[in-house]
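**Q** Below is the structure I would like to discuss, written out as structure tokens.
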Amino acid sequence: MLARSPVFDEYVRRYEPSLVITATPGIQAYDAEAIILSRQAGIPTLATNFSWDNLMGFKATRIRKPDYLFVWNEFSREAAVNLHRFPLKRVLVTGSARFDRYFTPKTSLTSRERFLRAKGLNPAWPTILFATVGSKAGSFEKDYIQAIITWRKRDLPEINLLIRLHPFDKIERYAEFLNLPRVRVEPAGKQVKVGDTGRIQTEMDDEDFANLKATLMYTDLNINYKSTISLESCLFGKPVINFIDPTRPFQNKYYYEEESYYRPLVKEGAVSVVASPNELLEAMPMYLKHPELDRENRERVAKLYIPYRDGNSYKRAVDFIERII
């Protein structure tokens, strides 16, 4: 049913590709189009499966099966084979190239004191990292941020709060927090224009990745809403508290349904889940005082999702591509 694409046909005529590679297995519309058009043209396809949630959850209904699939780990490989009937020999475990920077000297670390002082935070105090949801999710996470700030004033003023925005979030949504003492609100990366479209999006360069690595290394507790940053915090051995959106109960299934990509983090006890700001305020002091709690669970989940920690996931991917073509 998909109409032929003169642009795609011209690419095929000009370059005679041996393989077409997409970032997802059809999750994005342009990836799905590329996979379908390549199949019509008799060209093999490979999806690098950039994100960990592509094979499970509502996104998976949009999959247009490529000939080959790269995945982060054996857990994702099982999902590809059992849920989507990919042939086992065509699902290849490469590791996650997006995490390679954490294991290479290129992404070097500044000192904790210099890092926190540069953000107007006190190096002598513990630091809470709060990762936002994104502007499309509404404003419920601001209730949790406000609860933290109120609690800090009342019970434990010597706490830093670093609010890291989701790449799709906007800093103006947090205007009331921008000038508070020992509170830092910052975007994930730099704002850039997308071609001639006039659209602005967030992109991360080497400096931004170095900042994220230092953020994970030098903060003491991560609070977020079922984000990939939970995995990264497990990798760096930091406690994680996930909060639930009380206004969107259908979203909570990602924490508890066995088919969910996020379920192992909850099931293995790598993260704690709170359903209200009051529950968050009960959990925070416990992890700040005893960061070793659940450490073994976090390590177990980190090994499950991020089995390769050599900085060479990109190289394994290239080696597999060479074998395919």
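In the numbering used here, the protein residues as written are 6 to 330. C-beta: ideal position from N, C-alpha, C; glycine also. The structure presented is a predicted model; accordingly, all values stated were derived computationally and were not measured.
By alpha-carbon positions, which one of Ala275, Ile41, Thr50 ends up nearest to Leu339?
**A** Past the boundaries of the shown model lies residue 339; the chain is included only from 6 to 330, so the question cannot be answered.
**Q** For the candidate residues Ala152, Glu297, Pro192, Ala219, whose alpha-carbon lies nearest to that of Pro282?
**A** In the sequence shown, counting from the first residue as 1, residue 282 sits at position 277. Nearest of Ala152, Glu297, Pro192, Ala219 to Pro282, Cα basis: Ala152.
**Q** Grab the span of the beta strand (DSSP E) containing Arg50 for me, first residue to last.
**A** If you number the sequence shown from 1, residue 50 lands on position 45. The sequence given here places Thr at residue 50; Arg does not occur at that position. Looking at the DSSP string, the run of the beta strand (DSSP E) that includes Thr50 is 50 to 52.
**Q** I'd like to confirm the pairing. Which residues does DSSP put opposite Leu166 in its beta bridges?
**A** On the sequence shown, residue 166 is found 161 positions in, with the first residue counted as 1. For Leu166, which the question treats as bridged, DSSP gives the partners Ile133, Val188.
**Q** Excluding the 5 residues flanking Leu293 on each side, which residues of the same chain have their C-beta closer than 7 Å to its C-beta?
**A** By one-based count along the sequence shown, residue 293 stands at place 288. Result list for Leu293: Pro131, Asp225, Leu226, in chain order.
**Q** Could you give the C-beta distance for Arg169 and Thr220, rounded to a whole number, given that I count them as a contact under 8 Å?
**A** The residue given as residue 169 occupies position 164 in the sequence shown. The residue given as residue 220 occupies position 215 in the sequence shown. Indeed they touch by this definition, with Cβ atoms about 7 Å apart.
**Q** Name the two residues that bound the continuous alpha helix (DSSP H) containing Gln151.
**A** In the sequence shown, the residue the question calls residue 151 occupies position 146. Where Gln151 is concerned, the enclosing alpha helix (DSSP H) stretches over 145 to 159.
**Q** Pull the bridge partners of Phe75 from the DSSP assignment, please.
**A** As a working mapping, residue 75 is identified with position 70 in the sequence shown. BP columns for Phe75 point to Leu97.
**Q** Using a 10 Å radius around the Cβ and a threshold of 16 neighbouring Cβ atoms, would you call Leu126 buried or exposed?
**A** By one-based count along the sequence shown, residue 126 stands at place 121. Leu126 is buried by the Cβ-count criterion.
**Q** Three-state secondary structure (DSSP) at Lys195?
**A** Numbered from its first residue, the sequence shown carries residue 195 at position 190. DSSP places Lys195 in strand when its eight states are reduced to three.
**Q** Do Gly316 and Asp105 come within 7 Å of each other at the CB atom, strictly closer than that value?
**A** By one-based count along the sequence shown, residue 105 stands at place 100. By one-based count along the sequence shown, residue 316 stands at place 311. Cβ atoms of Asp105 and Gly316: closer than 7 Å.
**Q** Looking at the structure shown, is Ile249 part of a helix, part of a strand, or coil, going by DSSP?
**A** By 1-based counting over the sequence shown, the position of residue 249 is 244. It is coil, neither helix nor strand.
**Q** Is it the case that the CB of Val271 approaches a heavy atom of the ligand SAM more closely than 6 Å?
**A** The ligand SAM is absent from the structure shown, which contains no ligands of any kind.
**Q** Strictly by DSSP, which residues pair up with Leu226?
**A** Locating residue 226 in the sequence shown gives position 221, counting from the first residue. Its beta-bridge partners are Ile133.
**Q** Quick one: residues in its chain with C-beta nearer than 7 Å to the C-beta of Ile234, no 5 flanking neighbours on either side, listed in chain order?
**A** Indexing the sequence shown from 1 puts residue 234 at position 229. Excluding sequence neighbours, Ile234 sits near Ala136, Asn227.
**Q** So who's on the other strand from Ile205, going by DSSP bridges?
**A** Here residue 205 refers to the residue found at position 200 of the sequence shown. Per DSSP, Lys198.
**Q** Where does Ile205 land, buried or exposed, given buried means 16+ other C-beta within 10 angstroms?
**A** Residue numbering aside, residue 205 sits at position 200 when the sequence shown is read from its first letter. By the neighbour-count rule (16 or more Cβ atoms within 10 Å), Ile205 is not buried but exposed.
**Q** Compute the beta-carbon to beta-carbon distance between Leu236 and Ile311, rounded to the nearest angstrom, for a pair I have assumed lies under 8 Å.
**A** In the sequence shown, counting from the first residue as 1, residue 236 sits at position 231. In the sequence shown, counting from the first residue as 1, residue 311 sits at position 306. Yes, they are in contact, since the Cβ atoms of Leu236 and Ile311 sit about 7 Å apart, within 8 Å.
**Q** Could you check where the beta strand (DSSP E) with Val278 kicks off and where it finishes?
**A** Here residue 278 refers to the residue found at position 273 when the sequence shown is read from its first residue. From DSSP, the beta strand (DSSP E) with Val278 extends over 277 to 279.
**Q** Taking the alpha carbon of Ala275 as the point to measure from, which residue in Leu7, Ile330, Lys320, Pro296 has its own alpha carbon closest?
**A** Here the question's residue 275 lines up with position 270 in the sequence shown. That would be Pro296, whose Cα lies nearest to the Cα of Ala275.
**Q** Hey, Gly100 and Ser238: beta-carbon distance below 7 Å or not?
**A** Position 95 of the sequence shown, counted from the first residue, corresponds to residue 100. Position 233 of the sequence shown, counted from the first residue, corresponds to residue 238. For Gly100 and Ser238, no; Cβs fall outside 7 Å.
**Q** What does DSSP give as the partner residue(s) for Thr27 in the beta ladder?
**A** Stepping through the sequence shown from its first residue, residue 27 is reached at position 22. Beta-bridge pairing links Thr27 to Ala52.
**Q** On the premise that Arg67 lies in contact with Ala37, defined as a C-beta separation below 8 Å, what is that separation, rounded to the nearest angstrom?
**A** As a first step, residue 37 must be located in the sequence shown, where it is residue number 32. As a first step, residue 67 must be located in the sequence shown, where it is residue number 62. Going by Cβ atoms, the distance from Ala37 to Arg67 rounds to 7 Å, so yes, they are a contact pair.
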